[in-house]
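First up is the structure itself, then whatever we jot down about it.
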Amino acid sequence: MSMTTLALAPYVRLHLVAGAVGVPAPSSHLSPGLVLPEPETSDVLAAAGPGATAAGGVLSASASGVQVWNAPPSHVADPASPLAHLGSVDWNFDTPGQGFATIFRVIVTAAGAAAGEATASILHRVLAAARMSINSSRLGPARPPIRDPFRANRAI
């Protein structure tokens, strides 16, 4: 197996492995999107904020969504149990109004799938922080790109 090394910065190196195949992560879209009102959004942000992860939480929030981890960041120093990103819940923050969040996608990483997670379980873990649940029938497979209506079906 050959490797190619790219020098991106003086101290950062990226190794590309020939013949390696990336496996896409399972993903589900919520249709229609799930809108969290301001109190529930605040609950999720409190459960996934810096103070919560420092206290042993496994959720990490940002403006683009919430990440679910297998262990709190404090366990990073333990090489016997490495930190793994299990999945993410993607949202549009402050949509449709100030303090609201609209969840539109749930993703499971390869590490999450190996740990037995599914898109419904990742979403459940995040919503449990706000004492909410969802009927998993609202989760659907990722939608394919919309066909261009101006493109002819026949070869030119």
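In the numbering used here, the protein residues as written are 52 to 207. Cβ atoms here follow ideal geometry from the backbone N, Cα and C, with glycine treated the same way.
Check: Opposing strand residues paired with L110 [DSSP bridges]; Outcome: V119
Check: Separation of A69 from P147, as counted between CA atoms; Outcome: 45 Å
Check: A97 in three-state terms, based on DSSP; Outcome: helix
Check: Alpha carbon of A103 to alpha carbon of A97, nearest angstrom; Outcome: 7 Å
Check: According to DSSP, residues forming a beta bridge with I154; Outcome: L85, W142
Check: Euclidean distance between Cα positions of A164 and G150; Outcome: 32 Å
Check: Expected contact under 8 Å - CB spacing of L137 and A166 to nearest Å; Outcome: 6 Å
Check: Beta-carbon contacts of F144 that lie in its chain and below 7 Å, excluding the five residues immediately before and after; Outcome: A114, A152
Check: Cutoff 8 Å; reference S93; Cβ partners in own chain excluding five residues on either side; Outcome: G150
Check: Given P77 as reference, the closest of W142, A171, P88 once Cα atoms are compared; Outcome: A171
Check: Closest by C-alpha distance to L134, when choosing among P123, R182, T160; Outcome: P123
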